[in-house]
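Down below is the structure, laid out as structure tokens.
Numbering (our numbering), first residue to last: 4 to 285.
Here is the structure:
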């Protein structure tokens, strides 16, 4: 995504690429505002943002090695700041397991891997070859940036809900891919054009999934409401105890019958005492 050359069409698409890339970086804002309001990361994942941060770091390093790449420096500097903020918010509100995994991925990819690439390209490769090697490394990472949302795609297919795959991010990633592909095409830079072909295809696939499963969230909500309407455990115990109430009623009825029989026998004995003995029953 380097900004360079003197082709006016390439420069124009480079400017458009910067504008759309800013929108891509800001597209997850509703997602992280939701995380902040609910104090929970819910079903969202940190991997796409960690990979985007790694990509911005590499493209920033690539721009510093090239000449006439000021616009590339500005957009990726902004990207690094925004993605770091996203990761901090995610780590703050993520459950313990997700938080630990995110920190491990950050240390392994954004710290250790970047330090290794910086060391290898700076001390083992010289001159213009260093820019070419770093350019192809950036190509591979750019492919990972476009492929990172595949984890969300798998979740969409499994749950049949697009709740955790923001449409804004997929839409702006697709526009960004188209713009940077045109820039690379007019600049005749294969390192820029190749990853954006894949990015365009994956972006279209994500938007297709959104069109298919955009109403899937209602099904999940209905299932959750049905679970909420289930009888609580104490109420179920009351239902189980109702036969005991019937047993007590029958016991009381039997007791009343016994008392009536006793009263009747007592009355007969008293009657016999007042009458002649022959009239009394044996």
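By construction, the Cβ of each residue, glycine as well, lies at the ideal position given by its N, Cα and C atoms.
Cut-off 8 Å between Cβ atoms - residues of its own chain near residue i, not counting five sequence neighbours on either side
| i | result |
| --- | --- |
| residue 85 | 28, 29 |
| residue 208 | 156 |
Host alpha helix (DSSP H) of residue i (start-end)
| i | result |
| --- | --- |
| residue 47 | Neither: residue 47 is in no alpha helix (DSSP H) and is coded neither H nor E. |
| residue 102 | 99-108 |
| residue 30 | Per DSSP, residue 30 belongs to no alpha helix (DSSP H) and is neither H nor E. |
Straight-line gap, residue i to residue j (C-alpha atoms, nearest Å)
| i | j | result |
| --- | --- | --- |
| residue 16 | residue 51 | 25 Å |
| residue 49 | residue 76 | 24 Å |
| residue 189 | residue 10 | 7 Å |
| residue 94 | residue 47 | 12 Å |
| residue 132 | residue 111 | 26 Å |
| residue 61 | residue 40 | 32 Å |
| residue 212 | residue 160 | 8 Å |
| residue 146 | residue 106 | 22 Å |
| residue 92 | residue 37 | 11 Å |
| residue 14 | residue 42 | 43 Å |
| residue 127 | residue 120 | 10 Å |
| residue 21 | residue 78 | 6 Å |
| residue 115 | residue 174 | 31 Å |
| residue 130 | residue 170 | 42 Å |
| residue 192 | residue 44 | 39 Å |
| residue 205 | residue 109 | 24 Å |
Coarse secondary structure for residue i, derived from DSSP in three states
| i | result |
| --- | --- |
| residue 114 | helix |
| residue 193 | helix |
| residue 40 | helix |
| residue 179 | helix |
| residue 60 | helix |
| residue 217 | coil |
| residue 164 | coil |
| residue 77 | helix |
| residue 15 | helix |
| residue 127 | coil |
| residue 10 | coil |
| residue 141 | helix |
| residue 250 | Since pLDDT at residue 250 reaches only 41, below the 50 mark, its modelled position is unreliable, and no value is offered. |
| residue 70 | coil |
Assigned exposure category for residue i - 16 Cβ within 10 Å defines buried
| i | result |
| --- | --- |
| residue 199 | buried |
| residue 2 | This structure cannot speak to residue 2, because the chain is shown only from 4 to 285. |
| residue 12 | exposed |
| residue 98 | exposed |
| residue 18 | exposed |
| residue 235 | Because the pLDDT at residue 235 is just 40, under 50, the model does not fix this residue reliably, and the value given afterwards should be weighed accordingly. Result: exposed. |
| residue 139 | exposed |
| residue 118 | exposed |
| residue 255 | At residue 255, the pLDDT of 47 sits below 50, so the modelled position is not reliable; the number obtained from the coordinates is stated separately. Flag for residue 255 reads exposed. |
| residue 202 | buried |
| residue 124 | buried |
| residue 24 | buried |
Residues near residue i by beta carbon distance below 6 Å, same chain, minus five either side
| i | result |
| --- | --- |
| residue 187 | 195, 196 |
| residue 229 | Residue confidence is low: residue 229 scores 42 on pLDDT, short of 50, so the model does not pin down where it sits. No coordinate-derived value is stated. |
| residue 82 | 28, 59 |
Residues near residue i by beta carbon distance below 7 Å, same chain, minus five either side
| i | result |
| --- | --- |
| residue 87 | 56 |
CB contact below 8 Å: residue i versus chain D
| i | result |
| --- | --- |
| residue 128 | Absence of chain D from the displayed structure is noted, only one protein chain being present. |
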